[in-house]
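A.B. asks:
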Amino acid sequence: MWWFIGWISGSTTTSDPDPAEGAEVEFTYTTLPSANSEFGVKELHLKHLMFESDMVMTPVEIFFPRDATNHPGGGTPNWYYYWSQTAASYGTHSYAPGTSYTDFLGGSWIARIGDDACGNWGG
Numbered sequence: 123m124w125w126f127i128g129w130i131s132g133s134t135t136t137s138d139p140d141p142a143e144g145a146e147v148e149f150t151y152t153t154l155p156s157a158n159s160e161f162g163v164k165e166l167h168l169k170h171l172m173f174e175s176d177m178v179m180t181p182v183e184i185f186f187p188r189d190a191t192n193h194p195g196g197g198t199p200n201w202y203y204y205w206s207q208t209a210a211s212y213g214t215h216s217y218a219p220g221t222s223y224t225d226f227l228g229g230s231w232i233a234r235i236g237d238d239a240c241g242n243w244g245g
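All letters in the sequence shown, in the order written, are residues 123 to 245 by our numbering.
1. If you compare alpha carbons, which of Ala190, Thr224, Gly128 and Asp237 is closest to Pro181?
2. Do you know whose CA, among Met179, Thr136, Ser159 and Ser230, lies nearest Leu168's CA?
3. On the criterion of 16 or more Cβ atoms from any shown chain inside 10 Å, does Asn261 qualify as buried, or is it exposed?
4. Can you tell me whether Tyr203 is helix, strand or coil according to DSSP?
5. Quick one: what does DSSP say Thr135 is sitting in, helix, strand or coil?
6. Looking at Asp138: is its Cβ nearer than 7 Å to the Cβ of Glu148?
7. Taking the continuous beta strand (DSSP E) assigned at Ala233, which residues delimit it?
8. So Pro199 packs on Asp225, CB below 8 Å; how close in whole Å?
9. Please confirm whether Thr136 and Thr153 have their CB atoms less than 7 Å apart.
10. So Glu160 packs on Ser131, CB below 8 Å; how close in whole Å?
11. For Ala218 and Phe185, what's the separation of their Cα atoms in angstroms?
12. Give the secondary structure of Asp225 by DSSP, where H, G and I count as helix, E and B as strand, and everything else as coil.
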């Protein structure tokens with residue numbers, strides 16, 4: 123069997139085994155993209171080597187490692203970097219390790235978004 127998974131812009135895809143053939147294959151995206159929109163649903167394709175004209179496709183959802191700091195900007199957890207690109211990111215904020223809090227600086231409020239903001243969603 124031969125496997126193929128949709129690509130992510132700005133990322134390199136590797137497989138184990140390489141080439142992606144056999145009953146089980148694990149794909150890894152080795153570089154994270156700059157855009158949150160690159161994650162989400164991708165198509166996983168499976169083709170039997172004896173029946174190359176037949177292909178099965180199924181949607182799979184791709185996530186990033188939440189607490190790692192390997193996004194293109196580095197220095198903050200992946201969850202904060204990608205959350206900052208969503209509609210939920212509002213107002214002036216910065217990442218602050220630990221507990222979230224607010225500051226009043228230079229006549230303006232700023233939210234310090236801490237690790238407790240990402241919650242524990244089983245990851």
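For each residue, glycine too, the CB sits at the ideal point set by N, CA and C.
C.D. replies: Inspection of the coordinates gives the following:
1. Checked all of Ala190, Thr224, Gly128 and Asp237; the closest Cα to Pro181 is Gly128.
2. When each option's Cα is compared against that of Leu168, the closest is Met179.
3. Because the chain here runs from 123 to 245, residue 261 falls outside it and cannot be looked at.
4. In the structure shown, Tyr203 sits in a helix (DSSP, three-state: H, G or I).
5. Three-state result, Thr135: strand.
6. It is a contact, given that the beta carbons lie within the stated cut-off.
7. Run containing Ala233: Ser230 to Ile235, per the beta strand (DSSP E) assignment.
8. Between Asp225 and Pro199 the Cβ distance is about 20 Å, and since that is not below 8 Å, they are no contact.
9. Their beta carbons are not under 7 Å apart, which means Thr136 does not touch Thr153 by this criterion.
10. Rounded, the Cβ-Cβ distance is 5 Å, consistent with contact.
11. Between Ala218 and Phe185, the C-alpha separation is close to 23 Å.
12. Reduced to three states, the DSSP call for Asp225 is strand.
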